[in-house]
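Following: one structure in structure tokens, then a few remarks.
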Amino acid sequence: MNIKQKTKRRRTLSLILCMCAAFMFTFRPSVTAGDTITDMVVKNTHSSFYMRLSAEKVQNRLISLAEESNREEAEESANNTKETTIKKKSTGTVKSETAKKKEPQKNSKPAQSKPKKETKPDRKEMTVTATAYCGCHSCNGQWTGYPAADGTALRAFHTIAAAESIPFGTKVYIPYFDSYSNGGMFEVHDRGSAITEGRIDIYFDSHEKALEFGMRKLKIYIMQ
């Protein structure tokens, strides 16, 4: 039962007591025309007695109700204060734990950014005419059985022939061959009389593959 309900109950009781007192005062012994002086004195005495008795009862009851109300309000206030204190302590504990979680760890290492995968390193871009050859006599003629022009062994998907303006050992990236095992990377190790500026010759391990590749325009990147 909260304070409002208790207050309503006390007011109802007080109203009942006041009504009782009024009832007693209304129906006190009344003086009639045939009463003697003695009867009038007795009736007035009784009336005064009833009125005093009712007034005292009402006053005592009101005092008792007031004391009870004050006591209940004090208890209610104490309970509310206690609950508020508990809530504040609980809230303070939660905030302190949250603050601790947000504090950065002193010994934690800063996050290192992962290096981006470089698909096209720094290089010079060119568009050339690319042909293909192998180690057979049809492709090499009198040079059949010989190594590359710089003396290294001919290797499929590794060796290419280029003009003299590109030094031996220069790495050449050809995007067309990205899906192959070499990832599109070749090296210049050979020359050729027909290999001039703007043209390259790619070594394959069989004549069939060389014929299949044929001749085509390709974009290449000369590594710097």
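139 is the number that numbering that gives the first Met the number 0 gives to position 140 of the sequence shown; each next residue is one higher, with no gaps.
For every residue, glycine included, the Cβ atom is placed at its ideal position computed from N, Cα and C.
Since we're looking at a predicted model, the values are computed, not measured.
query, result
"At a cut of 8 angstroms, does the segment 130 to 139 reach the segment 171 to 180 through at least three beta carbon pairs?", "no"
"Can you list, in chain order, the residues of its chain whose CB lies under 7 angstroms from that of Ser205, leaving out five sequence neighbours each side?", "Cys133"
"Looking at Tyr172: is its Cβ nearer than 7 angstroms to the Cβ of Tyr202?", "no"
"With a cut-off of 8 angstroms on the beta carbons, I'd call Thr195 and Ala162 a contact; round off their distance for me.", "6 angstroms"
"Indicate the three-state DSSP secondary structure (helix, strand or coil) for Arg198 in the structure shown.", "strand"
"Which value, in whole angstroms, describes the spacing of the CA atoms of Thr169 and Gly144?", "24 angstroms"
"Inspect the beta-carbon positions of Ala147 and Asp189 and report whether they are closer than 7 angstroms.", "yes"
"Give me, in chain order, the residues of the same chain whose beta-carbon lies closer than 6 angstroms to that of Ala160; leave out the 5 immediate sequence neighbours on both sides.", "Asp189, Arg190, Gly191, Ile194, Asp200"
"What ranges does the beta strand (DSSP E) occupy inside the segment 123 to 205, keeping only unbroken runs of at least 3 residues that lie completely in it?", "158 to 160, 170 to 172, 184 to 189, 198 to 202"
"Could you tell me if Glu186 is buried or exposed, where buried requires 16 or more neighbouring beta carbons within 10 angstroms of its beta carbon?", "buried"
"Buried or exposed for Ala73, going by 16 or more other Cβ atoms inside 10 Å?", "exposed"
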